[in-house]
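J.: Pasting a structure here, questions to come.
There are 2 protein chains.
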Amino acid sequence: MNTREEVLDFVHHGAERFLPHLSIDCAIFGYHDHDLKTLLIRHHGQENWSLPGGYIGRHETLTEAAHRILAEKTQLTGLFLQQFYTFGDSATRMNRIKTEQTHNTTYSKVGVTLSPDHWLSERTLSIGYYALVDYLQVVVTPEFLVDDYCWLNVADIPRELVYDHNEIIQKALLTLRAHIFQQPIGYNLLPDKFTLPEIHSLYETILCKQIDRRNFRKKLLTLGLIRQLDEQRKIGPHRSPFLYEFDLDNYSRALEDGSILSF
Amino acid sequence: MNTREEVLDFVHHGAERFLPHLSIDCAIFGYHDHDLKTLLIRHHGQENWSLPGGYIGRHETLTEAAHRILAEKTQLTGLFLQQFYTFGDSATRMNRIKTEQTHNTTYSKVGVTLSPDHWLSERTLSIGYYALVDYLQVVVTPEFLVDDYCWLNVADIPRELVYDHNEIIQKALLTLRAHIFQQPIGYNLLPDKFTLPEIHSLYETILCKQIDRRNFRKKLLTLGLIRQLDEQRKIGPHRSPFLYEFDLDNYSRALEDGSILSF
DNA sequence: CCAAAAGTGTTCCCACTACACCCATGT
DNA sequence: ACATGGGTGTAGTGGGAACACTTTTGG
Chain A
274 MNTREEVLDF VHHGAERFLP HLSIDCAIFG YHDHDLKTLL IRHHGQENWS LPGGYIGRHE
334 TLTEAAHRIL AEKTQLTGLF LQQFYTFGDS ATRMNRIKTE QTHNTTYSKV GVTLSPDHWL
394 SERTLSIGYY ALVDYLQVVV TPEFLVDDYC WLNVADIPRE LVYDHNEIIQ KALLTLRAHI
454 FQQPIGYNLL PDKFTLPEIH SLYETILCKQ IDRRNFRKKL LTLGLIRQLD EQRKIGPHRS
514 PFLYEFDLDN YSRALEDGSI LSF
Chain B
274 MNTREEVLDF VHHGAERFLP HLSIDCAIFG YHDHDLKTLL IRHHGQENWS LPGGYIGRHE
334 TLTEAAHRIL AEKTQLTGLF LQQFYTFGDS ATRMNRIKTE QTHNTTYSKV GVTLSPDHWL
394 SERTLSIGYY ALVDYLQVVV TPEFLVDDYC WLNVADIPRE LVYDHNEIIQ KALLTLRAHI
454 FQQPIGYNLL PDKFTLPEIH SLYETILCKQ IDRRNFRKKL LTLGLIRQLD EQRKIGPHRS
514 PFLYEFDLDN YSRALEDGSI LSF
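Heads up: the protein sequence lines correspond to chains A and B, in order.
Going by our numbering, the letters in the first sequence line up with residues 274 to 536, in that order.
Going by our numbering, the letters in the second sequence line up with residues 274 to 536, in that order.
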């Protein structure tokens, strides 16, 4: 929704195209150079940051909706995207705490006031997804109602996101840290060929702890999750690191066998 | 909904009390004596079995709704109940495959034909929960539209449940097996005091594999998850087994430390 | 030659595995 | 006495953790 007209059409006819009472919120994690960041946006007239989100089209599957929403925010397709929980408990989400006011501030940009029985004012449950991207590849193009966006280190996320978005992002992080042992998460955050220090630092960043380099390499190689290549990368005035690539076949086989990483 | 009147009221006025487009489905796992069973129901006029489910009241939280639905089916409260996934992809769930017919067969019991735009005919996403109960304690009281119910061993679940319920139950099982290593699942399926053979058999049943008795005991005691008591239980013409109880404090501490069971 | 980063091997120990015999109880 | 089920200990091993020096490279 990049123009006033699109927004107005959404407000007035969105209920015909989208399912009411349900939304999708995405915790988009971007990794780069020892930092794990999340994409936050701020809607027009709102003080607090939000997770990017959207609604589910009446004729698209849930998975399709999540990918579409992610693509609208990042312009990237085919990303790693994973559902992790559905939120329907918090007081803000129950409309027990009045949030129409802030909501209305946003839509006042297009000269609309939402009545309490407008579909956008109704109680909405949210299905949480998390995505992994290389945030240097992402070109964020804020939509019409979005005043601002930022990539924040997960440690620096403010305590006051809108609604229950703090809860959502905390659960996303926990899920990500649990999944890193069971999914080829690095595959989605690293280039096809990467160096050992790169993947090592990725794991250290996501898990917030130090991992012994030698043991790390040994384990990944022993399990056959990565393959060492003959090439090296030039990195300036230092020794050239070798390149590696993922062995996805082995990865999936290892997962089926129940082999599990741990550090 | 135990009378014709209640059902009629639900059909005609349910949309005022419940959120449309959303339901909850519960995989209710009952354990007893080496068997892991699931509660299935068959709605009036339907050939295939379903998971028990229900809708979310407009003024109750998601968690409250799940507990209420579970209590309606089992008459038990305070059970272990865990959300695990939200389903919105399958063709049946997209209304791409016509299921109104079967749906209508059910409601024909109260003389109602649902139009395609009736709220019960619309596309509905389902939030999956799984629960753990001792099925000997459960008194199933089928509702008005339920013709039949059964406890089936999870290995014997027919391949043709309604909608995507096979998918839901498979995911529930996978989640249960993953959670057994990280949650005091036995706590919800065993009496406060239990014998070692009891908890041992529970784990073997859920994980579908044999576990060495001695190693099993050693691990649970070493991690401090259970405490041996001074009491024994009389079990007829055999040696009296000792009783144990869970040490929930230690359990949560172990989880925070990241200690994890494995067998 | 120096600074910065990457490469690599060994030891130790704990935790998991495998395994079998004795004991208690009621009939 | 016996049938049934419960209780218990040890030895061996494999995988994880800890640990430091050498090599490469460009400036």
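Glycine included, every Cβ here is placed at the ideal spot set by N, Cα and C.
Looking at the secondary structure, which residues open and close the beta strand (DSSP E) in which Asn426 (chain A) lies?
T.: Taking the first residue of the first sequence as position 1, residue 426 (chain A) is located at position 153. Segment Val419 to Asn426, the beta strand (DSSP E) holding Asn426 (chain A).
J.: Who are the Cβ neighbours of Leu462 (chain A) in its own chain at under 7 Å, not counting the five residues just before and after it?
T.: Translated into the one-based positions of the first sequence, residue 462 (chain A) becomes position 189. Hits under 7 Å: Tyr304, Leu405, Asp407 and Leu475.
J.: Since Arg331 (chain A) and Phe291 (chain A) should fall inside the 8 Å C-beta cutoff, what is the C-beta to C-beta distance between them, to a whole number of angstroms?
T.: Counting from 1 along the first sequence, the entry for residue 331 (chain A) is found at position 58. Counting from 1 along the first sequence, the entry for residue 291 (chain A) is found at position 18. Between Phe291 (chain A) and Arg331 (chain A) the Cβ distance is about 7 Å, and since that is below 8 Å, they are a contact.
J.: Show which residues of chain A have a CB atom less than 8 Å away from the CB atom of Thr359 (chain B).
T.: Translated into the one-based positions of the second sequence, residue 359 (chain B) becomes position 86. The contacting residues are Leu335, Gln356, Thr359 and Ile400.
J.: Looking at the secondary structure, which residues open and close the beta strand (DSSP E) in which Gln319 (chain A) lies?
T.: Here residue 319 (chain A) refers to the residue found at position 46 when the first sequence is read from its first residue. Taken as a continuous stretch (DSSP letters only), Gln319 (chain A) belongs to no beta strand (DSSP E), as it is neither H nor E.
J.: Counting only beta-carbon atoms, is Leu309 (chain B) nearer than 8 Å to chain A?
T.: Here residue 309 (chain B) refers to the residue found at position 36 when the second sequence is read from its first residue. Not closer than 8 Å to any Cβ of chain A, the Cβ of Leu309 (chain B) fails to qualify, so no.
J.: Tell me the rounded alpha-carbon separation between Asp298 (chain B) and Leu447 (chain B).
T.: In the second sequence, the residue the question calls residue 298 (chain B) occupies position 25. In the second sequence, the residue the question calls residue 447 (chain B) occupies position 174. Asp298 (chain B) and Leu447 (chain B): Cα-Cα distance of roughly 16 Å.
J.: Assign Glu518 (chain B) to one of three DSSP states: helix, strand, or coil.
T.: Taking the second sequence and counting its residues from 1, one reaches residue 518 (chain B) at position 245. DSSP places Glu518 (chain B) in strand when its eight states are reduced to three.
J.: Taking only three categories from DSSP, how would you classify Leu528 (chain B)?
T.: By one-based count along the second sequence, residue 528 (chain B) stands at place 255. DSSP places Leu528 (chain B) in helix when its eight states are reduced to three.
J.: State the beta-bridge partners of Arg277 (chain A) as determined by DSSP.
T.: Your numbering for residue 277 (chain A) matches position 4 in the first sequence. The partner list for Arg277 (chain A) (beta bridge, DSSP) is empty, contrary to what the question assumes.
J.: Looking at chain A, which residues of the segment 311-334 of chain B have a Cβ within less than 9 Å of any of its Cβ atoms?
T.: So the close ones are Ile329, Arg331, His332, Glu333 and Thr334.
J.: Give the secondary structure of Glu480 (chain A) by DSSP, where H, G and I count as helix, E and B as strand, and everything else as coil.
T.: As a working note, residue 480 (chain A) is residue 207 in the first sequence. As written in the sequence, residue 480 (chain A) is Leu, which differs from the Glu given in the question. Note: Leu480 (chain A) maps to helix in three-state DSSP.
J.: So, with DSSP's three-state summary, where would you put Asp429 (chain A)?
T.: Within the first sequence, residue 429 (chain A) is the residue found at index 156, counting from 1. If DSSP states are grouped into helix, strand and coil, Asp429 (chain A) belongs with the helices.
J.: Could you check where the alpha helix (DSSP H) with Ile458 (chain A) kicks off and where it finishes?
T.: Numbered from its first residue, the first sequence carries residue 458 (chain A) at position 185. Note, Ile458 (chain A): alpha helix (DSSP H), Ile458 to Leu462.
J.: Do Val413 (chain A) and Thr347 (chain A) count as a contact pair if the criterion is CB distance below 8 Å?
T.: Locating residue 347 (chain A) in the first sequence gives position 74, counting from the first residue. Locating residue 413 (chain A) in the first sequence gives position 140, counting from the first residue. Their beta carbons are under 8 Å apart, which means Thr347 (chain A) touches Val413 (chain A) by this criterion.
J.: Is there a Cβ from chain A that is less than 8 Å from the Cβ of Arg396 (chain B)?
T.: As a position in the second sequence, residue 396 (chain B) is number 123, starting the count at 1. Answer yes: the Cβ-Cβ gap between Arg396 (chain B) and chain A drops below 8 Å somewhere.
J.: In the structure shown, what three-state DSSP assignment does Tyr304 (chain B) receive?
T.: The residue given as residue 304 (chain B) occupies position 31 in the second sequence. Looking at Tyr304 (chain B) - three-state DSSP - the assignment turns out to be strand.
J.: Under 7 Å between beta-carbons, which chain B residues line up against Leu480 (chain A)? List them in chain order, please.
T.: Position 207 of the first sequence, counting from 1, holds the residue named residue 480 (chain A). Near Leu480 (chain A) there are no residues of chain B at all, since even the closest Cβ is about 10 Å away, more than 7 Å.
J.: Kindly confirm or deny that the segment 507-520 of chain B and the segment 478-486 of chain B touch, where touching means at least three C-beta pairs closer than 8 Å.
T.: The answer is no - the segment 478-486 of chain B does not touch the segment 507-520 of chain B, with fewer than three Cβ pairs under 8 Å.
J.: Hey, quick one: how far does the beta strand (DSSP E) through Gln348 (chain A) stretch, first residue to last?
T.: Walking along the first sequence from the start, residue 348 (chain A) turns up at place 75. No beta strand (DSSP E) holds Gln348 (chain A); DSSP gives it neither H nor E.
J.: Please classify His285 (chain A): is it buried, with 16 or more other beta-carbons within 10 angstroms of its beta-carbon, or exposed?
T.: To locate residue 285 (chain A), count along the first sequence from 1; it is residue 12. Label assigned to His285 (chain A): exposed.
J.: Find the residues of chain B that neighbour His294 (chain A), judging by a C-beta separation of less than 8 Å, and give them in chain order.
T.: As a first step, residue 294 (chain A) is located in the first sequence; it is residue number 21 there, counting from the start. In chain order: Leu292, Pro293, His294 and Leu295.
J.: For a cutoff of 8 Å on Cβ pairs, would you count Glu373 (chain B) as touching chain A?
T.: Your numbering for residue 373 (chain B) matches position 100 in the second sequence. For Glu373 (chain B), the predicted model reports a pLDDT of 49, less than 50, meaning its position is unreliable; a value from the coordinates is still stated below. False, the Cβ-Cβ gap to chain A never drops below 8 Å.
J.: Are the Cβ atoms of Tyr517 (chain B) and Phe467 (chain B) separated by less than 8 Å?
T.: Taking the second sequence and counting its residues from 1, the one referred to as residue 517 (chain B) is at position 244. Taking the second sequence and counting its residues from 1, the one referred to as residue 467 (chain B) is at position 194. For Tyr517 (chain B) and Phe467 (chain B), yes; Cβs fall inside 8 Å.
J.: Which residues of chain B have a Cβ atom closer than 9 Å to the Cβ of Asp362 (chain A), listed in chain order?
T.: The residue labelled residue 362 (chain A) in the question sits at position 89 within the first sequence. Going along chain B in sequence order, the residues near Asp362 (chain A) (Cβ under 9 Å) are Thr334, Leu335, Thr336 and Glu337.
J.: Would you give the residue range spanned by the alpha helix (DSSP H) that Arg490 (chain A) belongs to?
T.: The residue you call residue 490 (chain A) lines up with position 217 of the first sequence. Arg486 to Thr495 is the extent of the alpha helix (DSSP H) around Arg490 (chain A).
J.: Please confirm whether Met367 (chain A) has its beta-carbon closer than 8 Å to some beta-carbon of chain B.
T.: The residue given as residue 367 (chain A) occupies position 94 in the first sequence. Output row for Met367 (chain A): interface = yes.
J.: Could you check whether Asp522 (chain B) and Ile499 (chain B) sit closer than 8 Å to each other, using their CB atoms as the reference points?
T.: Residue mapping note: residue 499 (chain B) aligns to position 226 of the second sequence, counting from 1. Residue mapping note: residue 522 (chain B) aligns to position 249 of the second sequence, counting from 1. The answer is no: Cβ separation not under 8 Å.
J.: Distance check for Asn368 (chain A) and Arg341 (chain B), CA to CA, integer angstroms please.
T.: For this step, residue 341 (chain B) is matched to residue 68 along the second sequence. For this step, residue 368 (chain A) is matched to residue 95 along the first sequence. So the two alpha carbons sit approximately 20 Å from each other.
J.: Taking DSSP's pairing of strands, which residues face Phe357 (chain B) in a bridge?
T.: Taking the second sequence and counting its residues from 1, the one referred to as residue 357 (chain B) is at position 84. Paired residues: none, contrary to the question.
J.: If I'm right that Ile430 (chain B) touches Phe360 (chain B) with Cβ under 8 Å, what's the distance once you round it to whole angstroms?
T.: Sequence index remark: in the second sequence, residue 430 (chain B) carries index 157 (1-based). Sequence index remark: in the second sequence, residue 360 (chain B) carries index 87 (1-based). Actually they do not touch by this definition, with Cβ atoms about 17 Å apart.
J.: When you compare the CB positions of His307 (chain B) and Arg396 (chain B), do they come within less than 8 Å of one another, or not?
T.: By 1-based counting over the second sequence, the position of residue 307 (chain B) is 34. By 1-based counting over the second sequence, the position of residue 396 (chain B) is 123. Not in contact: His307 (chain B) and Arg396 (chain B) (Cβ atoms no closer than 8 Å).
J.: Hey, is the segment 308-317 of chain A in contact with the segment 372-391 of chain A, meaning 3+ C-beta pairs nearer than 8 Å?
T.: They touch, by the three-pair rule.
J.: Judging by CA-CA distance, which residue of A:Glu471, A:Ile479, A:Thr495 and A:Ser513 is the nearest neighbour of Asp503 (chain A)?
T.: Indexing the first sequence from 1 puts residue 503 (chain A) at position 230. Answer by Cα proximity: A:Ser513.
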